[in-house]
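Colleague: Quick one: the structure is below, and I'll ask about it shortly.
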Amino acid sequence: MALIRNVDVLIVPEVGECRVDKAQDIHLADSVITAIVPTGTTSSEPGEVIDGTGLLAVPGLINSHTHSPMVMMRGAAEDLAIDDWFNQRIWPMEVNLTPERVRVGAQLACAEMLLAGVTTFVDHYFHADQIAQAAIESGIRADLAPTYFSSAGPEAIDAAIAATRDLATLHPRISASLGPHATYTVSDEDLRRTADVARAEGFRIHLHAAETDDQTQASLDKHGVTPIQVLERTGVLDAGALIAHGCGIRDADLPILERYADRTTIATCPKVYLKLAMGNGTPIKQLHELGIPIGIGTDGAAVHNTLDVWESLRLLALTQKHQQNNAEWMTVSDTLRLATRGSAAAAGHSDTLGALEPGRQADITLVDLSAPHNQPLHDPRAALVYSVRASDVHTVLVAGEVVVRNRQLTKLDLAEVLADAKALAHTLVDLSQGGAVQHYAP
Numbered sequence: 018m019a020l021i022r023n024v025d026v027l028i029v030p031e032v033g034e035c036r037v038d039k040a041q042d043i044h045l046a047d048s049v050i051t052a053i054v055p056t057g058t059t060s061s062e063p064g065e066v067i068d069g070t071g072l073l074a075v076p077g078l079i080n081s082h083t084h085s086p087m088v089m090m091r092g093a094a095e096d097l098a099i100d101d102w103f104n105q106r107i108w109p110m111e112v113n114l115t116p117e118r119v120r121v122g123a124q125l126a127c128a129e130m131l132l133a134g135v136t137t138f139v140d141h142y143f144h145a146d147q148i149a150q151a152a153i154e155s156g157i158r159a160d161l162a163p164t165y166f167s168s169a170g171p172e173a174i175d176a177a178i179a180a181t182r183d184l185a186t187l188h189p190r191i192s193a194s195l196g197p198h199a200t201y202t203v204s205d206e207d208l209r210r211t212a213d214v215a216r217a218e219g220f221r222i223h224l225h226a227a228e229t230d231d232q233t234q235a236s237l238d239k240h241g242v243t244p245i246q247v248l249e250r251t252g253v254l255d256a257g258a259l260i261a262h263g264c265g266i267r268d269a270d271l272p273i274l275e276r277y278a279d280r281t282t283i284a285t286c287p288k289v290y291l292k293l294a295m296g297n298g299t300p301i302k303q304l305h306e307l308g309i310p311i312g313i314g315t316d317g318a319a320v321h322n323t324l325d326v327w328e329s330l331r332l333l334a335l336t337q338k339h340q341q342n343n344a345e346w347m348t349v350s351d352t353l354r355l356a357t358r359g360s361a362a363a364a365g366h367s368d369t370l371g372a373l374e375p376g377r378q379a380d381i382t383l384v385d386l387s388a389p390h391n392q393p394l395h396d397p398r399a400a401l402v403y404s405v406r407a408s409d410v411h412t413v414l415v416a417g418e419v420v421v422r423n424r425q426l427t428k429l430d431l432a433e434v435l436a437d438a439k440a441l442a443h444t445l446v447d448l449s450q451g452g453a454v455q456h457y458a459p
């Protein structure tokens, strides 16, 4: 039993305006929220009391698409077009991946995310078992998709699928998805096999598709179909998919996606699209009108530079207003809903995460809005979208366990994590070995 006492609470309804309920007590038991009532309504004294006075409780943030160990490449691939970013930097660097380097990078990523109020991340990367260990040690929640390319051969794909099976039963806070890299790096045959496994064993598929309009045009030129049509004809959409980016989704793809709206989600990472000059970004408005859940992510820090979901949700609101030429579109309530309920759906946890309600998991972030950049506080919802910084996060709970207390990690030694990362980072960005894990030519 635990209690967060006298805290303001962000309420995110499924539709309509978000609101802040003042001076509430949040009761917790067995990793879930059992009640949210006005302070002083009940007199029972639970075992642990967290003083929420002056703080705002929000649903734990969810990073709906990332490659967490890529924090080790932060700042090592700047001012490059997307093809050079892949071919001259990232995929040559990934030749250097080892289980240890991935684990150390994932520990740093988990530390960064928890301190910024992220309680769940949806990951797509290699050596996913090492990412899982870092997540378990740090106390964060994760959905992990072991990445594979067709060029790696059948044995590598078998191993990635086996890793997904192992991860699915590893720990209560770890879930797993199948992780084919993209429609342009995984063959139709391998996508069909992935879809068959997903349907037979109840897995979801997490992959990149229609990342840019150039990718979509290349698919049309080479194969006569868009990446979204590839996903339909291979059964990926039927099995259920989290699609990363989707900036190249065409109008003709929308009726296809609508047919699978009950099992399709999209993760958008707006900072990446600006930085790599990828075009207009994910067509949020059109997808929203189809009822397709949309989550907010950061992608990897090798391009996003941070794993700060506050930054992502802010950029989403701003770029959407600009893209639609409509200041009334993507309101603070809509933005907060995408960052909470939408991202929970993208993580495969729409019924258990994404809102502070009785019966849902106690993944809770307490934010301190007293700093000058948030004051005066006319509207705390607007502060969350347009003013809050990661450093404003005060306390974080995952499954009812305090993993950040008074801006300090409780389960990881941050100094040790930073020292390990600094000791190994140079080995990841070394390009002297030659070669690459893949060649970008969609």
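Just so you know, we're using the working numbering here: the sequence shown kicks off at 18 and counts up by one. A virtual CB, placed ideally from N, CA and C, is assigned to each residue, including glycine. Computed from a predicted structure; not experimentally measured.
1. Do the region 444-457 and the region 406-417 meet, that is, are 3 or more Cβ pairs less than 8 angstroms apart?
2. When the distance is taken between beta carbons, is Thr51 closer than 7 angstroms to Gly314?
3. Under DSSP, the beta strand (DSSP E) around Leu208 begins and ends at which residues?
4. Contact between the region 329-343 and the region 98-106: three or more CB pairs below 8 angstroms?
5. Evaluate Asp351 with the Cβ neighbour count: other Cβ atoms within 10 Å of its Cβ, from every protein chain shown; 16 or more gives buried, anything less gives exposed.
6. Which whole-angstrom value is the C-beta distance of Pro76 and Leu370, which I expect to be below 8 angstroms?
7. With contact counted as at least three CB pairs below 8 angstroms, one residue from each stretch, are the region 246-265 and the region 288-306 in contact?
8. For the 8 angstroms Cβ check, are there 3 or more pairs between the region 221-240 and the region 191-202?
9. Would you report the Cα separation of Leu335 and Arg210, rounded to the nearest angstrom?
10. Let me know if His390 comes out buried or exposed under the rule of 16 or more other beta-carbons within 10 Å of its beta-carbon.
11. For the region 37-56 against the region 103-118, do three or more pairs of beta-carbon atoms, one drawn from each stretch, fall closer than 8 angstroms, so that the two count as touching?
12. Sorted by chain position, which residues of the same chain lie with C-beta nearer than 8 angstroms to Asp380's C-beta, five sequence neighbours on each side aside?
13. Return the chain-ordered list of same chain residues with a C-beta closer than 8 angstroms to the C-beta of Ser367, the five sequence neighbours on each side being excluded.
14. When you compare the CB positions of Leu441 and Val121, do they come within less than 7 angstroms of one another, or not?
15. By a C-beta neighbour count over all protein chains shown, 10 Å radius and 16 as the cutoff for buried, is Asn297 buried or exposed?
16. Classify Val121 as helix, strand or coil using the three-state DSSP reduction.
17. Check this for me: beta carbons of Val4 and Gly156, under 7 angstroms apart or not?
18. Is it buried or exposed for Asn11, if we count other Cβ within 10 angstroms and need 16 for buried?
19. Look at the alpha carbon of Thr281 and the alpha carbon of Gly312, and state the distance between them as a whole number of angstroms.
20. Applying the criterion that 16 or more other CB atoms from any shown protein chain within 10 Å of the CB defines a buried residue, is Ser85 buried or exposed?
21. From this set, Tyr165, Gln41, Ala123, Asp47, which residue's C-alpha is nearest Ile222's C-alpha?
22. Should Gln147 go down as buried or exposed, given a rule of 16 or more other Cβ atoms within 10 Å for buried?
23. What residue range is occupied by the uninterrupted beta strand (DSSP E) comprising Gln41?
24. On the DSSP letters alone, give me the boundaries of the beta strand (DSSP E) that Thr136 sits inside.
25. Going by beta carbon distance, what residues of the same chain come within less than 7 angstroms of Gln337, once the five residues before and after it are set aside?
26. Would you call the CB atoms of Ala284 and Ala363 closer than 7 angstroms?
27. Glu206: buried (16+ other C-beta within 10 angstroms of its C-beta) or exposed?
28. Tell me whether the beta-carbon of Tyr403 lies closer than 7 angstroms to the beta-carbon of Phe103.
29. Whole-angstrom Cβ separation of Leu73 and Val384, contact assumed at under 8 angstroms?
30. Measuring alpha carbon to alpha carbon, tell me which residue in Glu249, Met18, Ala399, Arg424 is nearest Val37.
31. Measuring straight from C-alpha to C-alpha, what distance separates Pro244 and Thr233?
Modeller: So, to answer that:
1. Not touching, per the Cβ criterion.
2. What you label residue 314 is simply residue 297 of the sequence shown in a count that begins at 1. What you label residue 51 is simply residue 34 of the sequence shown in a count that begins at 1. No; because the gap between Cβ atoms is not below 7 angstroms, this pair is not in contact.
3. What you label residue 208 is simply residue 191 of the sequence shown in a count that begins at 1. First-last for Leu208: 205-218, but that is the alpha helix (DSSP H), not the beta strand (DSSP E).
4. By the C-beta criterion, the region 329-343 is judged not to be in contact with the region 98-106, since fewer than 3 inter-stretch pairs fall below 8 angstroms.
5. Within the sequence shown, numbered from 1, the residue matching residue 351 stands at position 334. Buried, by the Cβ-count rule.
6. Working through the sequence shown from its first residue, we reach residue 76 at position 59. Working through the sequence shown from its first residue, we reach residue 370 at position 353. 7 angstroms between Cβ atoms; contact.
7. The answer is yes - the region 288-306 touches the region 246-265, with three or more Cβ pairs under 8 angstroms.
8. Contact annotation: the region 221-240 touches the region 191-202, with at least three C-beta pairs closer than 8 angstroms.
9. Counted from its first residue, the sequence shown places residue 335 at position 318. Counted from its first residue, the sequence shown places residue 210 at position 193. When only Cα atoms are considered, Leu335 and Arg210 end up about 40 angstroms apart.
10. Counted from its first residue, the sequence shown places residue 390 at position 373. Burial call: exposed.
11. At 8 angstroms Cβ cutoff, the stretches do not touch.
12. On the sequence shown, position 363 is the one that residue 380 refers to. Contacts found: Pro76, Gly77, Thr136, Thr137, Arg158, Leu370, Leu414, Val415, Ala416.
13. Counting from one through the sequence shown, the residue named residue 367 turns up at place 350. For Ser367, the CB contacts under 8 angstroms within the same chain, skipping 5 residues up- and downstream, are Pro310, Arg358, Ala361 in chain order.
14. By 1-based counting over the sequence shown, the position of residue 441 is 424. By 1-based counting over the sequence shown, the position of residue 121 is 104. Contact check for Leu441 against Val121 passes: the beta carbons are separated by less than 7 angstroms.
15. What you label residue 297 is simply residue 280 of the sequence shown in a count that begins at 1. Flag for Asn297 reads exposed.
16. Mapped onto the sequence shown, residue 121 falls at position 104. Helix, per DSSP.
17. Past the boundaries of the shown model lies residue 4; the chain is included only from 18 to 459, so the question cannot be answered.
18. Within the shown structure, residues of the chain are numbered from 18 to 459, placing residue 11 beyond reach of any answer.
19. Residue numbering aside, residue 281 sits at position 264 when the sequence shown is read from its first letter. Residue numbering aside, residue 312 sits at position 295 when the sequence shown is read from its first letter. Those two C-alpha atoms are separated by around 11 angstroms.
20. Position 68 of the sequence shown holds residue 85. When all chains shown are included, Ser85 counts as buried.
21. Here the question's residue 222 lines up with position 205 in the sequence shown. Residue Tyr165 is the option with its Cα nearest to Ile222.
22. Within the sequence shown, numbered from 1, the residue matching residue 147 stands at position 130. Classified as buried, Gln147 has 16 or more neighbouring CB atoms from the shown chains inside 10 Å of its CB.
23. Looking up residue 41 in the sequence shown gives position 24. Where Gln41 is concerned, the enclosing beta strand (DSSP E) starts and stops at 36-46.
24. Taking the sequence shown and counting its residues from 1, one reaches residue 136 at position 119. Residue range 135-142 is occupied by the beta strand (DSSP E) that includes Thr136.
25. The residue given as residue 337 occupies position 320 in the sequence shown. If the five residues before and after Gln337 are omitted, its C-beta is found closer than 7 angstroms to the C-beta atoms of Ile301, Trp346, Met347, all from its own chain and listed in chain order.
26. Here residue 284 is taken as the residue at index 267 of the sequence shown, counted from 1. Here residue 363 is taken as the residue at index 346 of the sequence shown, counted from 1. For Ala284 and Ala363, yes; Cβs fall inside 7 angstroms.
27. Within the sequence shown, numbered from 1, the residue matching residue 206 stands at position 189. In the assembly as shown, Glu206 is an exposed residue. Its beta-carbon has fewer than 16 other beta-carbons within 10 Å.
28. Here residue 403 refers to the residue found at position 386 when the sequence shown is read from its first residue. Here residue 103 refers to the residue found at position 86 when the sequence shown is read from its first residue. No, the pair does not count as a contact, with Cβ atoms beyond the cut-off.
29. Residue numbering aside, residue 73 sits at position 56 when the sequence shown is read from its first letter. Residue numbering aside, residue 384 sits at position 367 when the sequence shown is read from its first letter. Approximately 5 angstroms separates the beta-carbon atoms of Leu73 and Val384; this is inside 8 angstroms, confirming the contact.
30. On the sequence shown, residue 37 is found 20 positions in, with the first residue counted as 1. Nearest option by C-alpha distance: Ala399.
31. As a first step, residue 244 must be located in the sequence shown, where it is residue number 227. As a first step, residue 233 must be located in the sequence shown, where it is residue number 216. Rounded to whole angstroms, Pro244 to Thr233 spans 6 angstroms at the Cα level.
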